[in-house]
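Enquirer: Quick one: the structure is below, questions incoming.
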Amino acid sequence: MDQTAETAAFDEFIRTRGDALLRYGYVLAGNSEDAADLVQEALARLGDAWPRVRKKDSPEGYVRTIMVRLHINAWRRRRREDLVAAVPESGRVDQYGDADLWAELQELPRKMRAVLVLRYYEDLPDAEIARILGVSRGTVRSQAARALDKLRIKRVLQEAR
Amino acid sequence: MRSEEDLIRTLRTAADQAAQPPAAPGSLPPGSLRPGSLRPGSLSHAVAARRRARRFRQRAQVALATAAVVIVAGGTAAVLSGGGWQAQPAVTVDEPTEDKPTVGEPRLQVRPAGEVWPGAVVKMPAKAADGWKYRPVTGISPTEVLVTAESSFEKAGRLEVYDTSTGTARVVGEMPAPEGVKGYFSQAVEVGEKYYAWYGESPNNRDKWADFWIMPREGGTARQVGEVTGDLSRVERIGVTDDHLVWSVRQGGVYRIPLAGGAPEKIDDTDGLHLTSWPLAAGYAPGKSGEKNQNRVVNLETGQSTAVEAAPGTTQLTCATDWCFGAQRDRTVVQRIDGSDQEQLPEGMEFFGGELLGERFALVSPSSGGDPAGDYIPVRMVYDPATGQIGGVHRRSPEGSTSYGFGTSSSPTTIMYWDEDKKGHRECRTTSPAGNVSCQSTERGGGKEFTVLNTLAIKPAS
Numbered sequence: 001m002d003q004t005a006e007t008a009a010f011d012e013f014i015r016t017r018g019d020a021l022l023r024y025g026y027v028l029a030g031n032s033e034d035a036a037d038l039v040q041e042a043l044a045r046l047g048d049a050w051p052r053v054r055k056k057d058s059p060e061g062y063v064r065t066i067m068v069r070l071h072i073n074a075w076r077r078r079r080r081e082d083l084v085a086a087v088p089e090s091g092r093v094d095q096y097g098d099a100d101l102w103a104e105l106q107e108l109p110r111k112m113r114a115v116l117v118l119r120y121y122e123d124l125p126d127a128e129i130a131r132i133l134g135v136s137r138g139t140v141r142s143q144a145a146r147a148l149d150k151l152r153i154k155r156v157l158q159e160a161r
Numbered sequence: 001m002r003s004e005e006d007l008i009r010t011l012r013t014a015a016d017q018a019a020q021p022p023a024a025p026g027s028l029p030p031g032s033l034r035p036g037s038l039r040p041g042s043l044s045h046a047v048a049a050r051r052r053a054r055r056f057r058q059r060a061q062v063a064l065a066t067a068a069v070v071i072v073a074g075g076t077a078a079v080l081s082g083g084g085w086q087a088q089p090a091v092t093v094d095e096p097t098e099d100k101p102t103v104g105e106p107r108l109q110v111r112p113a114g115e116v117w118p119g120a121v122v123k124m125p126a127k128a129a130d131g132w133k134y135r136p137v138t139g140i141s142p143t144e145v146l147v148t149a150e151s152s153f154e155k156a157g158r159l160e161v162y163d164t165s166t167g168t169a170r171v172v173g174e175m176p177a178p179e180g181v182k183g184y185f186s187q188a189v190e191v192g193e194k195y196y197a198w199y200g201e202s203p204n205n206r207d208k209w210a211d212f213w214i215m216p217r218e219g220g221t222a223r224q225v226g227e228v229t230g231d232l233s234r235v236e237r238i239g240v241t242d243d244h245l246v247w248s249v250r251q252g253g254v255y256r257i258p259l260a261g262g263a264p265e266k267i268d269d270t271d272g273l274h275l276t277s278w279p280l281a282a283g284y285a286p287g288k289s290g291e292k293n294q295n296r297v298v299n300l301e302t303g304q305s306t307a308v309e310a311a312p313g314t315t316q317l318t319c320a321t322d323w324c325f326g327a328q329r330d331r332t333v334v335q336r337i338d339g340s341d342q343e344q345l346p347e348g349m350e351f352f353g354g355e356l357l358g359e360r361f362a363l364v365s366p367s368s369g370g371d372p373a374g375d376y377i378p379v380r381m382v383y384d385p386a387t388g389q390i391g392g393v394h395r396r397s398p399e400g401s402t403s404y405g406f407g408t409s410s411s412p413t414t415i416m417y418w419d420e421d422k423k424g425h426r427e428c429r430t431t432s433p434a435g436n437v438s439c440q441s442t443e444r445g446g447g448k449e450f451t452v453l454n455t456l457a458i459k460p461a462s
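Those protein sequence lines, which keep their order, are chains Z and R. Numbering of the first sequence is given in UniProt numbering, commencing with residue 1 and proceeding in unit increments. Numbering of the second sequence is given in UniProt numbering, commencing with residue 1 and proceeding in unit increments.
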């Protein structure tokens with residue numbers, strides 16, 4: 001594939017998957033600016049590695065892994081103001097019923113929240129979460145358990161994992 | 001006690017409600033195959049800009065490696081974050097603001113746009129009377145702003161005109177969704193002589209499909225002009241005449257469909273052309289993605305083609321009727337479309353890319369530096385090539401983030417807007433026994449009023 005076609009394929013990926021990635025970024029980061037920032041940074045890195053990733057791996061899996069790793073590594077927006085192209089919405093959490101739980105999720109350490117997002121939003125098995133985060137399966141389990149305890153969530157589904 | 005289902009539902013609901021910048025593929029013509037033409041704000045554009053910055057940063061890091069090591073080892077990442085973003089390591093721990101040294105004077109003294117062009121910066125409500133949120137589209141006169149009103153995020157439902165001289169809004173008409181199309185979003189609105197026009201897509205599925213709509217400018221009922229599929233549906237921009245709706249596609253080429261209904265047809269000799277604003281279309285010279293220069297501007301009504309020549313070292317050369325702007329590394333270059341009056345703008349004005357605001361003004365970024373707590377530092381600057389005047393857009397917040405928006409019209413918009421009540425907020429906490437401090441920046445407040453810069457209200461150069 002020549003470079004133009006690669007570029008086209010990458011742009012098509014952004015176009016078709018950008019929205020889903022922003023949603024994922026939002027549950028990870030808890031706010032739309034950091035979400036947009038995470039998505040953009042992860043896509044930039046994906047773009048640099050595109051021809052290789054496209055051949056060997058799933059671009060979507062790759063970019064989602066980068067996003068969660070960036071996020072828990074306390075990576076921070078560098079030029080935030082350059083990257084937010086609109087006046088973002090505010091007060092969104094008030095618009096739905098689980099505002100308390102959503103707010104408490106924001107209080108969790110990033111890694112704990114990431115484990116919950118991967119398990120309950122991405123619906124990934126613990127072994128896969130362990131691989132993505134570069135930790136043991138036991139760590140994933142204990143982090144998830146502690147997070148659920150903090151959020152006062154009764155564990156049922158987890159038993160099936 | 002909560003259940004895991006509660007957690008799953010909360011996460012999904014939050015994702016559904018995720019506020020996205022208009023960069024998200026939900027609202028803007030994604031225009032992504034040809035990043036040289038991307039409008040500011042699109043996700044592809046942001047990613048392309050970030051990749052350029054990354055490359056630059058990687059080079060800068062090599063040059064600054066020695067200093068960076070010393071600084072990071074000393075635990076004062078603050079020097080880096082203040083001293084130059086390009087030197088920051090990939091993983092950064094932000095420091096509390098009070099420790100942050102300021103970096104001398106900003107290189108360029110700029111005044112706010114409202115002082116430079118009194119009357120061009122006005123306030124308007126951020127919401128319609130019924131609570132629907134406004135999204136500014138473009139100025140249609142010096143005192144009128146076309147807006148879409150949204151029932152939910154990015155779901156444009158109504159076209160309105162807000163008159164900034166009287167402070168009143170007028171409903172033009174409803175923007176309906178076609179029946180049976182799931183996930184439909186109406187996209188960029190175009191202002192024609194007789195009609196407003198827009199197109200719609202279902203951007204979150206893989207269908208290659210788009211439809212086109214018109215509404216009389218004096219108001220009335222919207223009418224679907226036609227639907228397209230396949231390559232013809234990769235709409236990047238539209239135009240509307242009295243009898244046709246015109247559009248270009250991301251792979252290049254301009255098509256039209258009669259307003260009265262009928263089959264779409266390709267306009268002759270438009271291979272590789274991309275509409276800028278009907279009847280003008282542009283062609284691009286080969287180049288790196290995101291850096292291509294326009295090399296010809298064609299008037300599709302008269303067939304007249306004007307070759308545009310970029311000076312050596314120029315990238316992203318982008319033209320409107322009279323002027324072109326481009327980047328020369330971190331500088332901005334301006335020229336007339338015939339190549340005359342070529343000039344590099346002063347240091348500290350980095351070309352932001354995208355189209356010319358109001359087909360005349362360049363959007364540039366101020367260089368880092370200065371202390372936003374004391375100095376006026378704009379988030380962006382608007383440069384008028386006709387007069388050489390520079391106006392600052394919004395102001396950089398000393399704390400946290402600052403955001404602003406562009407009008408979402410199909411042809412280059414004439415407006416930028418921001419929310420002055422929205423304040424950056426920065427929260428820091430200790431995250432490790434070693435005393436590392438991590439800070440979060442967010443925005444709070446606002447949502448009532450936009451400040452709008454309408455370049456149509458800037459006097460034409462005499």
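Glycine included, every Cβ here is placed at the ideal spot set by N, Cα and C. Computed from a predicted model, the values in this text were never measured in an experiment.
If the cut-off is 7 Å on Cβ atoms, which residues from the region 38-58 of chain Z count as contacting chain R, listed in chain order?
Expert: Residues passing the 7 Å Cβ filter: Gln40, Glu41, Leu43, Ala44, Gly47, Asp48.
Enquirer: Suppose you measure from the CA of Gly405 (chain R) to the CA of Asp57 (chain Z); what does that come to, to the nearest Å?
Expert: Using only the alpha carbons, I get a separation of about 36 Å.
Enquirer: Determine which residues share a DSSP beta bridge with Ser397 (chain R) and list them.
Expert: Its beta-bridge partners do not exist; DSSP assigns none.
Enquirer: I want to see whether chain Z comes within less than 7 Å of Ile238 (chain R), judged by CB atoms only; does it?
Expert: By this cut-off, Ile238 (chain R) is not an interface position.
Enquirer: With the cut-off set at 7 Å, would you say Val161 (chain R) and Pro378 (chain R) are in Cβ contact?
Expert: No, the pair does not count as a contact, with Cβ atoms beyond the cut-off.
Enquirer: Any idea if Lys419 (chain R) is buried or exposed, counting beta-carbon neighbours within 10 angstroms, 16 or more meaning buried?
Expert: The displayed chain sequence assigns Asp, not Lys, to residue 419 (chain R). Classification for Asp419 (chain R): buried.
Enquirer: Taking the C-alpha atoms as reference points, what is the distance between Gln344 (chain R) and Val297 (chain R)?
Expert: If I take the Cα positions, the gap works out to 22 Å.
Enquirer: When we look at the beta-carbon of Ala103 (chain Z) and count the other beta-carbons within 10 Å, is it buried (16 or more) or exposed?
Expert: Exposed.
Enquirer: So which residues of chain Z does Glu201 (chain R) contact, with C-beta pairs closer than 8 Å?
Expert: Residues of chain Z passing the Cβ test: none, with the nearest at roughly 10 Å.
Enquirer: Quick one: what does DSSP say Thr16 (chain Z) is sitting in, helix, strand or coil?
Expert: Correct three-state label for Thr16 (chain Z): helix.
Enquirer: How many angstroms separate the CA atom of Ile140 (chain R) from the CA atom of Arg217 (chain R)?
Expert: Computed Cα separation, rounded: 11 Å.
Enquirer: Using DSSP bridges, identify the partner residues of Thr4 (chain Z).
Expert: In DSSP, Thr4 (chain Z) forms no bridge with anything.
Enquirer: Go through its chain and collect everything with a Cβ distance to Thr7 (chain Z)'s Cβ below 8 Å, but skip five positions before and after it.
Expert: So no residue of the chain qualifies.
Enquirer: Note down the Cα distance separating Ala386 (chain R) from Tyr62 (chain Z), rounded to an integer number of angstroms.
Expert: Answer to the nearest angstrom: the Cα atoms are 47 Å apart.
Enquirer: Give the DSSP-derived three-state secondary structure of Trp66 (chain Z) in the structure shown.
Expert: Before going further, note that residue 66 (chain Z) is Ile rather than Trp in the sequence given. DSSP places Ile66 (chain Z) in helix when its eight states are reduced to three.
Enquirer: Is any beta-carbon of chain Z found at less than 7 Å from that of Ile377 (chain R)?
Expert: Not an interface residue.
Enquirer: Are the region 139-146 of chain Z and the region 32-51 of chain Z touching by the rule of at least three beta carbon pairs closer than 8 Å?
Expert: Contact between the region 139-146 of chain Z and the region 32-51 of chain Z is absent, because fewer than three Cβ pairs lie under 8 Å.
Enquirer: Can you confirm whether Val140 (chain Z), when its beta carbon is compared against all beta carbons of chain R, has any partner nearer than 7 Å?
Expert: So no, Val140 (chain Z) is outside the interface.
Enquirer: Would a C-beta distance cut-off of 7 Å place Val382 (chain R) and Phe361 (chain R) closer than the cut-off?
Expert: Yes, the pair counts as a contact, with Cβ atoms nearer than the cut-off.
Enquirer: Please report how far the alpha carbon of Asp149 (chain Z) lies from the alpha carbon of Glu128 (chain Z), in whole angstroms.
Expert: Their backbone Cα atoms lie some 22 Å apart in a straight line.
Enquirer: I need the boundaries of the alpha helix (DSSP H) containing Met112 (chain Z), first residue and last residue.
Expert: Looking at the DSSP string, the run of the alpha helix (DSSP H) that includes Met112 (chain Z) is 110-116.
Enquirer: What do you reckon, are the CB atoms on Ile238 (chain R) and Arg256 (chain R) nearer than 7 Å?
Expert: The answer is no: Cβ separation not under 7 Å.
Enquirer: Does Glu81 (chain Z) come within less than 7 Å of chain R when only Cβ atoms are used?
Expert: Since pLDDT at Glu81 (chain Z) reaches only 29, below the 50 mark, its modelled position is unreliable, and the value read off the structure follows with that caveat. Yes, Glu81 (chain Z) lies at the interface with chain R (some Cβ there is under 7 Å from its Cβ).
Enquirer: Per DSSP, what kind of secondary structure is Ser152 (chain R) in: helix, strand or coil?
Expert: The answer is strand: DSSP assigns Ser152 (chain R) an E or B state.
Enquirer: Is the CB of Ile415 (chain R) under 7 Å away from at least one CB in chain Z?
Expert: No, Ile415 (chain R) lies away from the interface with chain Z (no Cβ there is under 7 Å from its Cβ).
Enquirer: Buried or exposed, going by whether 16 or more other CB atoms sit within 10 Å of the CB of Arg17 (chain Z)?
Expert: Buried, since its Cβ has 16 or more Cβ neighbours within 10 Å.
Enquirer: Quick check on Val147 (chain R): does DSSP put it in helix, strand or coil?
Expert: Three-state DSSP puts Val147 (chain R) in a strand.
Enquirer: I'd like to know whether the C-beta atoms of Ala281 (chain R) and Val254 (chain R) end up nearer to each other than 7 Å.
Expert: Their beta carbons are under 7 Å apart, which means Ala281 (chain R) touches Val254 (chain R) by this criterion.
Enquirer: List, in chain order, every chain R residue whose beta-carbon is nearer than 8 Å to that of Val117 (chain Z).
Expert: Chain R residues near Val117 (chain Z): Leu11.
Enquirer: Straight-line CA distance for Thr451 (chain R) to Lys123 (chain R)?
Expert: The alpha-carbon atoms of Thr451 (chain R) and Lys123 (chain R) are separated by roughly 4 Å.
Enquirer: Which of the three DSSP states, helix, strand or coil, is assigned to Leu33 (chain R)?
Expert: For Leu33 (chain R), the pLDDT reaches just 25, beneath the cut-off of 50, and the residue's location in the model is therefore unreliable, leaving the point undetermined.
Enquirer: Quick one: grab the DSSP three-state call for Val110 (chain R).
Expert: Three-state result, Val110 (chain R): coil.
Enquirer: What separation, rounded to the nearest whole angstrom, lies between the Cα atoms of Leu118 (chain Z) and Gly30 (chain Z)?
Expert: Each residue's Cα considered, the two are about 14 Å apart.
Enquirer: Which residues share a DSSP beta bridge with Ser248 (chain R)?
Expert: Partner(s): R:Arg237, R:Val254.
Enquirer: Have a look at Leu159 (chain R) and Gln17 (chain R) and give me their C-alpha separation to the nearest angstrom.
Expert: For Leu159 (chain R) and Gln17 (chain R), the distance between alpha carbons rounds to 23 Å.
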